[in-house]
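> In our numbering, the protein residues as written are 185 to 552. Handing you this structure, nothing more for now.
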């Protein structure tokens, strides 16, 4: 399965590890088991809260589920596997627990273990449509056979025929086997049901390219970016299409955006791998610096909440980290929380008395 299907960031519609799943309830076919509704954990508090709660109550299923979910959201999949494994030991009959463990295992490329977890989820809840689609993608990737993958998708669609995501999975499996006309039909249906499915637009564009229909391919690539402005590969494909049709300036701009996004994505992956995917943890000073650098990546992308989290993590590891303290203050100032910002800006100059930019921002903060 192409790497593009592995989510860089798990959104709040998580279902399968490769794509942020939109689990739309559909009609229950005659004779089908009752449709199982996947529960999304309630996580109103930040990650640190649930980490602390876990230390106090390591067998509380609600805490384990919330913590595992947040680790998945933050792509800290090794931590997620560990916590969710504890969860299924505590609540072995909970289908959702097995499902989320399967997601984490798949994210770690432990395909056979992920399949086993998903199959256990189905044993607990035979009407779990998302599990059928997760299994279909794994069967397709692992080479278990096109017919098996296709039949598994269809089982999920019998439970939730109005799920845009389910029709996307059908289209993806058909596309991966070169059945372009049927893939086009399935992907168009997915978009009809959920126009925000960026992957459906993208793979529809690829199908149109195979069918040598460049105008429709171009439109589908444009819709991909409209649905997800961070869909890196779409910029390159669209830039190439623009160039081939004589729109050279627009093509160059798309390629430039592709290069910018690719660089940021590579940096993010590098720092996240250092922080969360190494068997041997970094030394404390290197952890702090890596959190700070990851925060800068998010800052450049204007993802201020993610940047703030990383700068706070850096400051928690090194209380004298003036640059981290300064950047926290600036983010709060940008959010018009000037009273909250000021102590962080003052702390920055206390630890770095020649920090000219921090002094400037203290002045700006005072005038706000």
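Built from N, CA and C at the ideal position, the CB exists for glycine as well. In this text, all values refer to a predicted model and were calculated from it rather than measured experimentally.
Across the region 450-467 and the region 248-266, are there enough close Cβ pairs to call them in contact, namely three or more that are closer than 8 Å?
Yes, they touch.
> Look up residue 218 in the DSSP assignment and say whether it is helix, strand or coil.
Looking at residue 218 - three-state DSSP - the assignment turns out to be coil, as it is neither helix nor strand.
> Starting from residue 527, trace the alpha helix (DSSP H) in both directions and tell me its first and last residue.
Run containing residue 527: 522-535, per the alpha helix (DSSP H) assignment.
> Which two residues bound the contiguous alpha helix (DSSP H) that contains residue 428?
From DSSP, the alpha helix (DSSP H) with residue 428 extends over 416-428.
> With burial defined as no fewer than 16 other Cβ atoms inside 10 Å of the residue's Cβ, what is the status of residue 408: buried or exposed?
The residue is buried, with at least 16 neighbouring Cβ atoms inside 10 Å.
> Taking the C-alpha atoms as reference points, what is the distance between residue 206 and residue 358?
Confidence is the limiting factor: at residue 206 the pLDDT is only 27, short of 50, which leaves the residue's position unreliable, though a coordinate-based value still follows. Taking the straight line joining both Cα atoms gives about 20 Å.
> Are there 16 or more other CB atoms within 10 angstroms of the CB of residue 464, so buried, or fewer, so exposed?
Exposed, by the Cβ-count rule.
> Can you tell which of 300, 266 and 262 has its C-alpha closest to the C-alpha of residue 279?
The shortest C-alpha separation from residue 279 is found at 300.
> Since residue 271 contacts residue 248 with CB under 8 Å, what's their CB separation in whole angstroms?
Confirmed, Cβ separation roughly 4 Å.
> Measure how close the beta-carbons of residue 405 and residue 389 come, nearest whole angstrom, since I'm counting them as under 8 Å.
So it is a contact: roughly 5 Å between Cβ atoms.
> Taking C-beta to C-beta, are residue 494 and residue 478 nearer than 7 Å?
The answer is yes: Cβ separation under 7 Å.
> Taking the straight line between their C-alpha atoms, what separation do you get for residue 507 and residue 445?
Taking the straight line from one Cα to the other gives about 25 Å.
> What does the alpha-carbon distance come out to for the pair residue 345 and residue 220?
Rounded to whole angstroms, residue 345 to residue 220 spans 14 Å at the Cα level.
> Between the alpha carbons of residue 419 and residue 537, how many angstroms are there, rounded?
Computed Cα separation, rounded: 44 Å.
> Our contact map puts residue 490 next to residue 482 with C-beta atoms below 8 Å; I'd like the distance itself, whole angstroms only.
With a Cβ gap of about 4 Å, residue 490 and residue 482 count as contacting.
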